[in-house]
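Reading through the structure tokens given below for one structure.
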Amino acid sequence: MHIVYKHIGETPLQCIQRLFDTTTNSYTYAGRLDPIAEGLLLILENEECKQAKRYHNLTKTYEYAFAVGISTDSYDCLGKITDIRYPQKPLDKKVHQIINAGIGTHTLPYPPYSSKTVNGKPLFQYARENTLHTITIPAKTIQVTEHTLTKIQTTTTSNLKKEITANIRKVTGDFRQGEILRQWQALPDNTIQNYAATITATAGTYIRAIVHEIGNRIGYPTVTTHIKRTGIGTWTKEGVYEEGQ
1230 MHIVYKHIGE TPLQCIQRLF DTTTNSYTYA GRLDPIAEGL LLILENEECK
1280 QAKRYHNLTK TYEYAFAVGI STDSYDCLGK ITDIRYPQKP LDKKVHQIIN
1330 AGIGTHTLPY PPYSSKTVNG KPLFQYAREN TLHTITIPAK TIQVTEHTLT
1380 KIQTTTTSNL KKEITANIRK VTGDFRQGEI LRQWQALPDN TIQNYAATIT
1430 ATAGTYIRAI VHEIGNRIGY PTVTTHIKRT GIGTWTKEGV YEEGQ
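Position in the sequence shown (from 1) plus 1229 gives the number in our numbering.
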């Protein structure tokens, strides 16, 4: 079993192809990371691939950041902008209260651009076909054991666009990058409130969904701008491990 570091821009499969010789051995990943996310990824090799389900329920720890005033259809920066409404005053206290009160059980709808299937078809396919209205988007119940606000910052959309543009340009494959980049680059300059946090939660947690829910609760659009997975179960570093180490 390998714990590796997936870079921003890669899919989990592309990460495997970068690090391993797939012509001589078989590999699979246990737990996904979005292309725009980075961090630890669990890779199984050869016979261990058959045991992937044993690793699916491991808790995960993330560092993440989000901006208030903008939302996208994917809930992160690799999405088309759907709303722009900047708050006229700081929301630091409210965001702090929501995050610090976030420990416990939550049931949240899956993001429209996710791999969760309905009637055998992933949600992102419904989203691309504009047919989400024909189904009920399922929800996921998660358990959050730690959730801490770590940073409050005011920046400009100009600075945010530079970071987002650089990250989107690292993504290969068909993720609507061209249209998404044009939208971000056309965003007018403005000040914007940024927040960062750490979270530990059960398997299958979508950080994007948590950020979207924070937006619902503060009454303003929000967008996830960065996700970094820092822990998988008890593993917090890259390396080759045996189960139980």
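Built from N, CA and C at the ideal position, the CB exists for glycine as well.
Of the residues the options, which one's Cα is nearest the Cα of residue i?
i       : options                               : result
THR1290 : LEU1416, LEU1352, THR1385 and THR1377 : THR1377
ILE1409 : ILE1439, CYS1306 and THR1252          : CYS1306
VAL1452 : ALA1425, GLY1460 and VAL1469          : ALA1425
GLN1445 : ILE1232, GLY1433, ILE1327 and ASP1418 : In the sequence as displayed, the identity of residue 1445 is Asn instead of Gln. Ranking the options by Cα distance to ASN1445, first place goes to ILE1327.
ALA1296 : ASN1275, THR1334, TYR1315 and THR1394 : TYR1315
ASP1250 : LYS1235, ALA1259 and ASN1275          : ASN1275
ALA1356 : ASN1419, ALA1415 and PHE1404          : PHE1404
ARG1261 : THR1240, ASN1254 and THR1253          : THR1240
THR1394 : MET1230, TRP1413 and THR1386          : TRP1413
CYS1325 : HIS1362, ILE1443 and ASN1388          : According to the sequence as given, residue 1325 is His; it is not Cys. Nearest C-alpha to HIS1325: ILE1443.
ASN1423 : LEU1389, GLN1406, GLY1433 and TYR1470 : LEU1389
Around the Cβ of residue i, are there at least 16 other Cβ atoms within 10 angstroms (buried) or fewer (exposed)?
i       : result
PRO1319 : exposed
ASP1263 : buried
ASN1396 : buried
HIS1285 : exposed
GLU1292 : buried
PRO1417 : exposed
LEU1242 : exposed
GLY1440 : Per the sequence presented here, residue 1440 reads as Val, with Gly not at that position. Label assigned to VAL1440: buried.
ALA1415 : exposed
GLY1308 : buried
LYS1350 : exposed
ILE1456 : buried
THR1434 : buried
Between residue i and residue j, how many whole angstroms is the CB-CB distance? I'm expecting something under 8 Å.
i       : j       : result
ILE1421 : THR1384 : 6 Å
THR1427 : GLU1375 : 7 Å
GLN1280 : LEU1273 : 7 Å
ILE1461 : ILE1232 : 7 Å
LYS1323 : ILE1447 : 5 Å
THR1500 : ASN1359 : An answer regarding residue 1500 cannot be provided, because it is not within the stretch 1230 to 1474 covered by the chain.
Quick check: residue i and residue j, are their CB atoms within less than 8 Å of each other?
i       : j       : result
ALA1294 : THR1454 : yes
ARG1458 : GLY1268 : yes
LYS1507 : GLY1238 : This structure cannot settle anything about residue 1507, because the visible part of the chain is limited to 1230 through 1474.
GLY1331 : PRO1450 : no
THR1429 : THR1288 : yes
CYS1244 : THR1257 : no
THR1346 : ALA1368 : no
GLN1372 : THR1431 : yes
ILE1313 : PRO1338 : no
THR1311 : THR1370 : no
Below 8 Å, can you find three or more Cβ-Cβ pairs linking the region 1300-1311 to the region 1338-1358? yes
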